[in-house]
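What follows is one structure encoded as structure tokens, with my remarks underneath.
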Amino acid sequence: MSSVDDESSDSLVSIARAVRVRGLKGELVADLLTDFPERFEALDELIMLSPAGQRRSVELESFWFQNDRIILKLEGVDSVEAAGELIGFEFCIPETERVQLSDNEYYDFELEGCSVRDITGKDIGRVARVLKTGGAEILEIAAGKGATVLVPLAESIVTEIDISAKQIVIDPPEGLLELS
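The opening position of the sequence shown corresponds to residue 3 in my numbering, with each subsequent residue numbered one higher.
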């Protein structure tokens with residue numbers, strides 16, 4: 003494992019998070035944080051991001067999928083103890099290497115932090131996170147004073163998304179904003 007400059011301006015995209023150790027050879031069970039698990043086929047190296055924000059480059063020795071998770075074997079991590087120290091770490095790639103999406107498709111991290119207003123210009127709040135509920139996605143909007151507003155990410159409601167300006171415009175049906 004080699005050190006990566008913590009002050010690097012390169013933005014990272016997390017694609018997996020270690021949740022527990024598997025076996026006796028230093029393997030890690032990780033939650034997939036990507037909609038494109040096939041991306042691991044082309045990866046030889048990952049950037050490990052500690053919960054404290056420290057970055058380290060690591061060679062991906064092997065991997066395989068088990069149910070909805072991925073098993074990672076990293077070079078130099080050969081014991082239960084060594085693997086255990088990596089629980090909670092995220093495994094990332096540089097943002098420049100992310101899968102390019104089609105028009106009108108966005109990564110959750112691109113939506114998070116966007117300011118939200120309605121079509122009249124009234125400020126609603128900021129997107130705190132994107133919730134996945136079965137087939138639907140919902141914007142969880144921090145509306146100030148501890149209030150949360152839930153808005154379906156539907157074309158009929160979300161009329162404009164401008165990622166570069168970090169702004170979203172919504173046309174909520176009557177009563178939607180009062181439901182939260």
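Where is the CB? At the ideal position from N, CA and C, for every residue including glycine. Because the structure is a prediction, the values reported are computed rather than measured.
Item	Value
What is the DSSP secondary structure of Asp80, counted as helix, strand or coil?	coil
Assuming the contact rule is C-beta atoms closer than 8 angstroms, Gln169 and Ser117 should be a hit. Round their C-beta distance to whole Å, please.	5 angstroms
Going by C-alpha distance, which of Gly148, Lys147 and Pro154 is nearest Gly137?	Pro154
Once DSSP output is grouped into helix, strand and coil, what is the label at Phe67?	strand
Using the rule of at least 16 other Cβ atoms within 10 Å of the residue's Cβ for burial, across every protein chain shown, is Pro174 buried or exposed?	buried
When DSSP labels each residue in this structure, what does Ala44 get in the three-state scheme?	helix
Can you tell me which of Thr36, Val151, Glu112 and Ala156 puts its alpha carbon nearest to the alpha carbon of Gly177?	Val151
Given this structure, state the Cα-to-Cα distance separating Met3 from Arg41, to the nearest angstrom.	In this prediction, Met3 scores a pLDDT of 47, lower than 50, which makes its location untrustworthy; the coordinate-derived value is nonetheless stated afterwards. Their backbone Cα atoms lie some 21 angstroms apart in a straight line.
By a C-beta neighbour count over all protein chains shown, 10 Å radius and 16 as the cutoff for buried, is Gly146 buried or exposed?	exposed
Check whether the stretch 64-80 touches the stretch 16-31, counting contact only when three or more Cβ pairs, one atom from each stretch, lie closer than 8 angstroms.	yes
Please list the segments of the beta strand (DSSP E) lying wholly inside the stretch 75-144, counting only runs of 3 or more residues, in order along the chain.	92-96, 117-120 and 125-135
Can you confirm whether the stretch 89-100 touches the stretch 17-24 when touching is taken to mean that 3 or more C-beta pairs between the two stretches lie within less than 8 angstroms?	yes
How would you write the range of the beta strand (DSSP E) that Pro154 sits in, first residue to last?	Ala149 to Pro154
Which whole-angstrom value is the C-beta distance of Ile49 and Tyr108, which I expect to be below 8 angstroms?	Incorrect: roughly 23 angstroms between the Cβ atoms, too far for contact.
Do Glu114 and Arg1 have their beta-carbon atoms positioned less than 8 angstroms apart in this structure?	It is not possible to answer for residue 1, since the shown part of the chain is limited to 3 through 182.
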